[in-house]
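Structure first, commentary second.
Protein chains: 2
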Amino acid sequence: MVTIYDIAKRANVSPMTVSRVINKSPLIKESTRLKVEEVIRELDYVPNKQARSLTSKETRLVALVIPDISNPFFTNIARGAEDKALQLGYHLILGNTDENPDKESQYIGMLMSAGVDGVLLVPSGEASAGHVKKLVKRSIPFVYVDRTIPQVPADSISGDNFQTTRQLVQHLIALGHRKIAFINGPSSLSNVRERDQAFRETLQLAGIEPNPAYMIETHFKQDNFDEIIAKLVSLQQGERPTAILAANNFIGVNTLRALRTLQIRVPEEMAVTCFDDPDIIPDYNPFLTVAKQPAYDMGFLGMQLLIERIQSGAPASTRKIVLPSELIIRSSTGKPQE
Amino acid sequence: MVTIYDIAKRANVSPMTVSRVINKSPLIKESTRLKVEEVIRELDYVPNKQARSLTSKETRLVALVIPDISNPFFTNIARGAEDKALQLGYHLILGNTDENPDKESQYIGMLMSAGVDGVLLVPSGEASAGHVKKLVKRSIPFVYVDRTIPQVPADSISGDNFQTTRQLVQHLIALGHRKIAFINGPSSLSNVRERDQAFRETLQLAGIEPNPAYMIETHFKQDNFDEIIAKLVSLQQGERPTAILAANNFIGVNTLRALRTLQIRVPEEMAVTCFDDPDIIPDYNPFLTVAKQPAYDMGFLGMQLLIERIQSGAPASTRKIVLPSELIIRSSTGKPQE
DNA sequence: ATGTTTTATGTTACCGATAACAAAATAATA
DNA sequence: TATTATTTTGTTATCGGTAACATAAAACAT
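Going down the list, the protein sequences come from chains A and B. Here my numbering = 1-based position in the first sequence + 7. Here my numbering = 1-based position in the second sequence + 7.
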């Protein structure tokens, strides 16, 4: 491995001079700078980041911890986060937790010992509080993305769950639906709780009393959706909901699949809508009406927030960014049948 | 920051003893081990990986460089790679190149200076040879995934392009198709060339002469597919292909979309099939007939190959793993119309 | 009890870079 | 030309851990 000492010897200067050249120190004579740069090129020298970290206390590594790497919503976040990180000279370590707090905890531990300068975290539940506190203790900056852990305050960036839920519910109400089911995620997640609240409020505002039988708590990336949907539609005729709102794209497509299996037509017999697009290209299968959260921006701006926090070092008051969603009306929602 | 010196002082031992405890050296008295471990827990000590790397020459960081983080095929590779890496105590840095060799080159450079122990690479084209050679020069182990750069030999893992292409083409031929178009990727990619060759051979074996007008070279993640498809179907009746084979899922769904826009029914007027599933859940939209490559396994086994190579250090002869695909026949392919 | 192993712990130097200070070389001024 | 200021370069110590060797303590043998 080529070190600054090798360069120094070859260029007849001290290692410190080489270090100065590398770091573009202004107090270097032009001639020596050229000479050193020449040797650097000649020996194909690459600085050792580990050694540097030892004194600088920074690794220029940041991590993004997401709950489902197969979900385009999160990969779009990853893309945004990566773009911003690279732009600012940081590397991104990506961690996938599968919505499992244990895996998340293990991951956070490894990231700390890997020496990351900061973490962009999509927490997988209330249980995340434990390991998030470890970050606080080590004063490693972190930013919540999509969801937060209210017990442990920190910067955050997320979609506007209230506005988005309202948009979707009002869209259904405007079409004439009054019996709307909401298949939500686990209530240990902040965004799930916000959506739940917004769902109730929007219904009440329209004079509809929320029906507990229509509000179902599930998991975001695995659950028995076939059974859940079957149960919903098996409610006797007058009770059966005419529309289903799914709290994410994964639940959305699973709902569609379950309804297809049950031979229930969408949107005629059941309107379906959800948060976030499920497809790899936007208009491949333009069927599902969705509220699209700006995932790329969430990653991009979240990373910006994080790196600002890393570089300022200041424990300034926490910042909270909330981004609006876009309602995309397609053909999975229509008027209810009479 | 808590160091072994802090631990040492508090436990009344030397730093070296602490180091030994951390590394589970067998020549430590039970009693002192317990005492040191006690203090470690007390002070919440986490070893500094950077300092360790300085002597050990390894960072336990590996990178996976993929061309499209939005594509489920690649995220499944990532998932497999991450699982294996974590299992063996390595961290994964994920890089997205958008099929752009410049971005890839820049990435490889940054990864080298970040000190990764190895790289899992899906090269974005012939132009990758340049930066791949840099890896060789620094003797940083790497493994090709999905595609290779034949000029620079190294371990590789990929799908069986010959078998997979043959499967798909034979499926179409068996249905009665003889005018089959192949929308392939850029010929700078090894897998594209292999598929092209397999396509020709399979046709010839069936007594069909490959028609150059049916063999189109495009890009894997962006191109004007609407135009390409429009051109194909505008061939006069007797010349118009009755089936389209797309070289990846992205081209596949774009083909479907273009055909929909042109109001050409699939599979009645045009059969469509492609490599790899486009959806986030396997059966959400069970329409496209595809040949599914084992992406997760490619990542998982590729990482295993890589880490073995890192740990052996030996410049043994290169290994090449080829995995078979699974043909999933759904409803986008059928008999040609008379 | 004394010497010899064996086991357990400590010392020193070093990994590659840099911060802080020291010294030399050059330029500016009297 | 001597003196001071300025620019440029070099020295030394340090970051946190570990390898290699040295030493002390305990266990065993004579």
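Note that beta-carbon positions come from the ideal geometry of N, C-alpha and C, so glycine has one too. Small disclaimer: the values here were computed from a predicted structure and weren't measured.
>> Suppose only complete runs of 3+ residues qualify. What are the beta strand (DSSP E) ranges in the region 264-333 of chain B, listed by chain order?
In response: 278-282, 296-299, 327-330
> How is A:D162 classed by DSSP in three states: helix, strand or coil?
Replying inline: For the purposes of this step, residue 162 of chain A is taken as the residue at position 155 of the first sequence. Here A:D162 sits in strand by DSSP.
> Just reading off the alpha helix (DSSP H) that A:V176 is part of, what are its end residues?
Replying inline: Looking up residue 176 of chain A in the first sequence gives position 169. Element bounds for A:V176: 168-182.
>> I'd like to know whether the C-beta of B:D283 is nearer than 8 angstroms to at least one C-beta of chain A.
In response: Taking the second sequence and counting its residues from 1, the one referred to as residue 283 of chain B is at position 276. Output row for B:D283: interface = no.
> For A:F81, which beta-bridge partners are listed by DSSP?
Replying inline: By 1-based counting over the first sequence, the position of residue 81 of chain A is 74. Bridge partners of A:F81: none, in fact.
> What is the rounded straight-line gap between the Cα of B:K238 and the Cα of A:R272?
Replying inline: Position 231 of the second sequence, counting from 1, holds the residue named residue 238 of chain B. Position 265 of the first sequence, counting from 1, holds the residue named residue 272 of chain A. Distance between the alpha carbons of B:K238 and A:R272: 36 angstroms.
> Which whole runs of the beta strand (DSSP E) in the region 89-156 of chain B are 3 residues long or more, in chain order?
Replying inline: 98-103, 125-128, 149-152
>> Since B:K228 and B:P130 should fall inside the 8 angstroms C-beta cutoff, what is the C-beta to C-beta distance between them, to a whole number of angstroms?
In response: To locate residue 228 of chain B, count along the second sequence from 1; it is residue 221. To locate residue 130 of chain B, count along the second sequence from 1; it is residue 123. Between the beta-carbon of B:K228 and that of B:P130 there is about 14 angstroms, and that puts the pair past the 8 angstroms contact cut.
> What is the DSSP secondary structure of B:I223, reduced to helix, strand or coil?
Replying inline: If you number the second sequence from 1, residue 223 of chain B lands on position 216. Strand.
> If we count the other Cβ atoms within 10 Å of its Cβ and call it buried at 16 or more, is A:R145 buried or exposed?
Replying inline: For the purposes of this step, residue 145 of chain A is taken as residue 138 along the first sequence, with counting starting at 1. The residue is exposed, with fewer than 16 neighbouring Cβ atoms inside 10 Å.
> Does the distance from the CB of B:L269 to the CB of B:V279 come in under 8 angstroms?
Replying inline: For the purposes of this step, residue 269 of chain B is taken as the residue at position 262 of the second sequence. For the purposes of this step, residue 279 of chain B is taken as the residue at position 272 of the second sequence. No. Outside cutoff.
> Counting Cβ pairs, one atom from each stretch, are 3 or more of them under 8 angstroms apart for the region 323-330 of chain B and the region 163-174 of chain B?
Replying inline: yes
> For the region 51-65 of chain B, which residues have a beta carbon sitting closer than 9 angstroms to at least one beta carbon of chain A?
Replying inline: D51, V53, P54, N55, K56, Q57, A58, R59, S60, L61, K64
>> Restricting to Cα atoms, I'd like to know which of B:G214, B:H138, B:N198 is closest to B:Q177.
In response: As a first step, residue 177 of chain B is located in the second sequence; it is residue number 170 there, counting from the start. Among B:G214, B:H138, B:N198, the Cα nearest to that of B:Q177 belongs to B:G214.
> Sorted by chain position, which residues of the same chain lie with C-beta nearer than 7 angstroms to B:P22's C-beta, five sequence neighbours on each side aside?
Replying inline: By 1-based counting over the second sequence, the position of residue 22 of chain B is 15. Hits under 7 angstroms: I11, Y12, A15.
>> What would DSSP say about B:L212, mapped onto helix, strand or coil?
In response: Along the second sequence, one-based indexing puts residue 212 of chain B at 205. Note: B:L212 maps to helix in three-state DSSP.
> What first and last residue would you give for the alpha helix (DSSP H) that runs through A:L242?
Replying inline: Locating residue 242 of chain A in the first sequence gives position 235, counting from the first residue. Unbroken run through A:L242: none, as it is neither H nor E.
> Within the 8 angstroms Cβ cut-off, does B:R173 reach chain A?
Replying inline: Counting from 1 along the second sequence, the entry for residue 173 of chain B is found at position 166. Not an interface residue.
> By Cβ distance below 8 angstroms, which residues in the same chain neighbour B:A220 in space, the five residues on each side in sequence not counted?
Replying inline: Translated into the one-based positions of the second sequence, residue 220 of chain B becomes position 213. Result list for B:A220: L242, E246, in chain order.
> Going along chain B, which residues have a C-beta under 9 angstroms from A:E89?
Replying inline: On the first sequence, position 82 is the one that residue 89 of chain A refers to. Under the 9 angstroms cutoff, chain B gives I76, L101, G102, N103.
> What are the residues that DSSP puts in a beta bridge with A:L71?
Replying inline: What you label residue 71 of chain A is simply residue 64 of the first sequence in a count that begins at 1. Per DSSP, A:L101, A:L127.
> Relative to the C-alpha of A:Y303, which residue among A:F81, A:H138, A:Y52, A:S63 is closest?
Replying inline: Indexing the first sequence from 1 puts residue 303 of chain A at position 296. Of A:F81, A:H138, A:Y52, A:S63, the residue nearest in Cα terms is A:F81.
>> Along the region 113-142 of chain A, where does the CB come closer than 7 angstroms to a CB of chain B? Name the residues.
In response: M117, M119, S120, A121, G122
>> Check for me: the beta strand (DSSP E) holding B:A253 runs from which residue to which?
In response: For the purposes of this step, residue 253 of chain B is taken as the residue at position 246 of the second sequence. It spans 250-253 - the beta strand (DSSP E) in which B:A253 sits, taken as one unbroken run.
> How long is the line joining the alpha carbons of A:V240 and A:P160, rounded to whole angstroms?
Replying inline: Translated into positions along the first sequence, residue 240 of chain A becomes position 233. Translated into positions along the first sequence, residue 160 of chain A becomes position 153. The straight-line gap from Cα to Cα measures roughly 41 angstroms.
>> Which of the three DSSP states is assigned to B:I11 in this structure?
In response: By 1-based counting over the second sequence, the position of residue 11 of chain B is 4. Of the three classes helix, strand and coil, the one that applies to B:I11 here is helix, per DSSP.
> Taking the alpha carbon of B:G357 as the point to measure from, which residue in B:L128, B:L313, B:M277 has its own alpha carbon closest?
Replying inline: Only positions 8 to 345 of chain B appear in this structure, which leaves residue 357 of chain B out of reach.
> Taking A:N256 as the reference, which of A:P248, A:H226, A:E234 has the closest Cα?
Replying inline: Locating residue 256 of chain A in the first sequence gives position 249, counting from the first residue. Looking at the Cα atoms, A:H226 is the closest of the given residues.
>> 8 angstroms is my cut-off, CB to CB: does A:F302 come that close to chain B?
In response: Against the first sequence, residue 302 of chain A aligns to sequence position 295. Before going on, a small fix: residue 302 of chain A reads as Ala here, not Phe. Judged by the 8 angstroms Cβ criterion, A:A302 is not in contact with chain B.
>> Measuring straight from C-alpha to C-alpha, what distance separates A:I236 and B:S63?
In response: Here the question's residue 236 of chain A lines up with position 229 in the first sequence. Here the question's residue 63 of chain B lines up with position 56 in the second sequence. When rounded, the distance between both Cα atoms is 55 angstroms.
> Which residues of chain B have a Cβ atom closer than 7 angstroms to the Cβ of A:P79, listed in chain order?
Replying inline: For this step, residue 79 of chain A is matched to residue 72 along the first sequence. In chain order: S77, I287.
> Just the Cα atoms here: how many angstroms apart are A:V25 and B:A121?
Replying inline: Counted from its first residue, the first sequence places residue 25 of chain A at position 18. Counted from its first residue, the second sequence places residue 121 of chain B at position 114. Straight-line Cα distance between these residues: approximately 20 angstroms.
>> Please state whether the Cβ-Cβ distance between A:G309 and A:V150 is less than 8 angstroms.
In response: Residue mapping note: residue 309 of chain A aligns to position 302 of the first sequence, counting from 1. Residue mapping note: residue 150 of chain A aligns to position 143 of the first sequence, counting from 1. Yes, they are a contact pair.
>> For a contact defined as C-beta to C-beta under 9 angstroms, what are the partners of B:T296 on chain A?
In response: One-based indexing of the second sequence puts residue 296 of chain B at position 289. Those within 9 angstroms of B:T296 in chain A number zero; the least Cβ separation is about 16 angstroms.
> Between B:D162 and B:G192, what straight-line distance do the alpha-carbon atoms span, to the nearest angstrom?
Replying inline: Position 155 of the second sequence, counting from 1, holds the residue named residue 162 of chain B. Position 185 of the second sequence, counting from 1, holds the residue named residue 192 of chain B. Approximately 23 angstroms, taken between the alpha carbons.
> Where does A:I187 sit, in a helix, a strand or coil, going by DSSP?
Replying inline: Counted from its first residue, the first sequence places residue 187 of chain A at position 180. Correct three-state label for A:I187: strand.
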